[in-house]
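Numbering of the sequence shown is given in my numbering, commencing with residue 1254 and proceeding in unit increments.
Note that CB positions come from ideal geometry on N, CA and C, so glycine has one too.
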Amino acid sequence: MQKKTRGYFIGSLAAAVIGNLVLAPFADAAVYFTLGGSQSHNNVPYQTYESRAGSASVAMDLGEYFRVGYTHRQEFSNNTGYRALVTQPGYYGEYVSQTRVISNSIDFNIILFAGEIFIPYLSAGAVVKAYHSGIETVEGSEASSFTLPPVPNLGGGIGIRLNRNFSLKLSYTVSPGKKQEPGGIQEGILDNYSQLGVTYQL
């Protein structure tokens, strides 16, 4: 697992360096840094769900109505509780399920209206996602990991200026993903992500 983590870190760092080289000619353009995150804890009969997510992105202007940006996002979920046993019908056993999704995307934003307060936009780009999941029960354990090739990443949002340097950013993106069924069967599905973040403009 440590080797895989180092690999993703190196890949993210390489993407950032390449991005800086590509965007060097636009050094005088405004640069935007955005941080966002979420956390939840829910309890239902027999189960407890915990999830958290965080993202960091950097973007810069390409003229008045266009921006290009890079985003790194990680999502974690941890589910615990009891589930029916396959080998002993009528009995329940404890289980722990963990999931981690790491994504890196490059997106182009089109500013629909550059207002003094509200700045709505549309975005289109590509994202690479890596999935890691595992489940442990009294009957055994199962784990899986796979990485998707680059897929389209579409969405939109709105920026709300708070002052000259800070603004709130509401965003929504959709991209193709994979759902894995027992036995290793994978099924295509759409992943969506909503976020509220804080943006700082240099």
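Exposure of residue i, with buried meaning 16 or more beta-carbon neighbours within 10 Å
i: S1358; result: buried
i: V1339; result: exposed
i: A1312; result: buried
i: T1452; result: buried
i: N1295; result: exposed
i: R1320; result: buried
i: S1356; result: buried
i: T1287; result: buried
i: Y1299; result: exposed
i: Y1323; result: buried
i: G1441; result: exposed
i: G1343; result: exposed
Contact set for residue i: own chain, Cβ-Cβ below 6 Å, skip 5 residues either direction
i: L1375; result: I1363, G1409
i: H1385; result: R1353, S1398
i: P1373; result: L1365, F1366, I1411
i: T1390; result: G1346, Y1348
i: P1403; result: A1379, V1381
i: S1293; result: S1304
i: S1330; result: S1304, T1352
i: N1332; result: Y1302, S1350
i: G1387; result: Q1351, A1396
i: Y1318; result: I1364
i: L1315; result: V1321
i: S1291; result: A1306
Residue closest to residue i, alpha-carbon to alpha-carbon, out of the options
i: A1367; options: P1429, Q1292, I1413; result: I1413
i: G1393; options: Y1299, G1441, V1349, N1332; result: V1349
i: Q1327; options: V1380, V1297, I1370, E1395; result: V1380
i: G1334; options: A1396, K1382, G1441, E1303; result: E1303
i: L1415; options: Y1323, Y1344, I1370, S1428; result: I1370
i: Q1351; options: N1418, E1395, T1400; result: E1395
i: G1289; options: H1325, A1383, Y1318, S1330; result: H1325
Close beta carbons around residue i, own chain, < 7 Å, minus the five adjacent residues each side
i: G1378; result: S1358, I1359, D1360, F1361, N1406
i: L1455; result: A1283, V1284
i: V1297; result: none
i: N1418; result: Y1453, Q1454
Check: residue i C-beta below 7 Å from any heavy atom of the ligand NAP
i: I1372; result: In the structure on display, the ligand NAP does not appear, and there are no ligands present to speak of.
Contact set for residue i: own chain, Cβ-Cβ below 8 Å, skip 5 residues either direction
i: L1443; result: V1427, S1428, P1429, G1430
i: K1432; result: Q1439, E1440, G1441, I1442
i: T1400; result: V1381, K1382, A1383, Y1384
Any chance the segment 1441 to 1451 sits against the segment 1421 to 1429, with 3 or more Cβ pairs inside 8 Å? Yes: the two stretches touch, three or more of their Cβ pairs being nearer than 8 Å.
Across the segment 1302 to 1310 and the segment 1339 to 1349, are there enough close Cβ pairs to call them in contact, namely three or more that are closer than 8 Å? Contact between the segment 1302 to 1310 and the segment 1339 to 1349 is absent: fewer than three C-beta pairs spanning the two stretches fall below 8 Å.
Complete beta strand (DSSP E) runs within the segment 1407 to 1451 (minimum length 3 residues, chain order): Entirely contained in the segment 1407 to 1451, the beta strand (DSSP E) runs reaching 3 residues are, in chain order, 1419 to 1434.
In chain order, what are the residue ranges of uninterrupted beta strand (DSSP E) at least 3 long that sit wholly in the segment 1291 to 1335? Runs of the beta strand (DSSP E) spanning 3 or more residues and lying entirely within the segment 1291 to 1335 occur at 1300 to 1314, in chain order.
Which ranges does the beta strand (DSSP E) cover as unbroken runs of at least 3 residues, wholly within the segment 1364 to 1404, from first to last along the chain? Restricted to the segment 1364 to 1404, the beta strand (DSSP E) segments that are unbroken, complete and at least 3 residues in length are 1371 to 1390, 1393 to 1400, listed in chain order.
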